[in-house]
Amino acid sequence: MILSCGEALIDMLPRETTAGEAAFAPYPGGAVFNTGVALGRLGCRAGFFSGLSSDLFGEMLEAGLTASNVDAGLSHRSSRPTTLAFVKLVGGHASYAFYDENTAGRMLRPQDLPALPAAVKALFFGGISLVGEPCGSAYEALCLREAGARLVMIDPNIRPGFVTDEAAYRARLARMMSVADIVKLSDEDLVWLEGPGDMAQAAQAVLARGPKLVFVTEGAKGAHGFTARDAVFAPARKVTVADTVGAGDTFNAGILAALDRAGALDKAAVAVADAGLIRACLDLGIAAAAVTVSRAGANPPWAAELT
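Numbering (the numbering used here) for the sequence shown: 1 to 307.
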């Protein structure tokens, strides 16, 4: 099982009623939630761990996971509310108003962490769940506890506007990356983390932090994979873009699904990944993300759509 660990929330998207009134419609979302859904749809044995609410929105999130063959059995349930993100669109640009105080996801604590069964072979972490407290500490504790025995991938999906204590956040990322096997970053994330400069040199600086494999996405240009020995680039597919919501999350799932299909979903295999395995990860990640951007919202493809 690949266990995605992080935020699940409800995006409240602007709509208009038949009477012409402004309204909001609820849609399940969250970066890590999207990756878990994409993994389930790509045919992986997928699990999801988060703080989930017993409210109606929590039920909606669980239904979305179940419909995509994702097991949420390890998640911590509580009666606290679900995080809501109200979206405002101006000229196609989205801004958000988050309602996250005292929510089931935000208030996840280190003592709420489950014992993981042997079936869990890999863990994925990332998103805004690494910023807030106490949930950030909980996910970090789970990462550090399990990294010695299970494959760990991190996509910090850095949102500078959410970071209230940059020094503490950078320190958390450094600790988690030091034990991670795979780190994925956008080109913007890479600049925030390592400063401006040559991408390959910056990627090597990330590798020096501890991971064995680093992926860097460049939007419509494509994506790169780096190890200490190899650098592989794969161009993006040309598609008509509806929006880019969930593209990076789906790319992450493609990486892990490719490793799973290659029988390389373990620390030893990733540590010696060659150019062929890196390219397989890039190819599936890019193919899956191309489908996601071709349709509105975070709607990852099923495996049959990629054949």
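Note that CB positions come from ideal geometry on N, CA and C, so glycine has one too.
- If you draw a 10 Å sphere on the C-beta of aspartate 189, you find 16 or more other C-beta atoms in it, and that means buried.
- Residue environment analysis places valine 70 among the buried positions, since at least 16 neighbouring C-beta atoms fall within 10 angstroms of its C-beta.
- In this structure, serine 129 and glycine 105 form a Cβ contact; the two beta carbons are roughly 7 angstroms apart against a cut-off of 8 angstroms.
- Look at alanine 262 here: in three-state DSSP terms it is coil, with no helix or strand label.
- Closest in C-alpha terms to aspartate 243, from the list Gly297, Glu305, Leu113 and Leu213, comes Gly297.
- In the three-state reduction of the DSSP assignment, glycine 248 falls in the helix class, which pools H, G and I.
- Check the Cα spacing between alanine 85 and each of Val245, Asp100 and Ala122: the tightest is with Asp100.
- Straight-line spacing of the CA atoms in alanine 147 and glutamine 204 works out to 21 angstroms.
- Every alpha helix (DSSP H) stretch that sits fully inside the segment 128-182 and reaches 4 residues is listed by chain position as 135-146 and 166-179.
- In the structure shown, the three-state DSSP call for cysteine 281 is helix.
- Judged by DSSP secondary structure, methionine 12 falls within the beta strand (DSSP E) whose first and last residues are 9-16.
- Rounded to whole angstroms, the gap between the alpha carbons of arginine 145 and alanine 223 is 30 angstroms.
- By the C-beta density criterion, glycine 47 is buried, having at least 16 other C-beta atoms within 10 angstroms.
- Rounded to the nearest whole angstrom, the C-alpha separation of phenylalanine 125 and phenylalanine 215 is 15 angstroms.
- In this model, arginine 279 and leucine 89 are separated by some 36 angstroms (Cα to Cα).
- Straight-line measurement puts the Cα of alanine 167 at about 14 angstroms from the Cα of isoleucine 158.
- For the options Asn299, Thr307 and Glu305, the alpha carbon positioned closest to that of leucine 65 is the one of Asn299.
- Taking C-beta separations shorter than 7 angstroms and ignoring five residues to either side along the sequence, the partners of aspartate 181 in its chain run Leu151, Val152, Met153, Pro211, Lys212, Leu213, Lys267 and Val270, following chain order.
- Counted as a single uninterrupted DSSP element, the alpha helix (DSSP H) harbouring lysine 267 occupies residues 267-271.
- The alpha carbon of glycine 73 has as its nearest neighbour, out of Leu3, Ile10 and Pro28, the alpha carbon of Leu3.
- The Cβ-Cβ distance between alanine 247 and alanine 289 falls below 7 angstroms.
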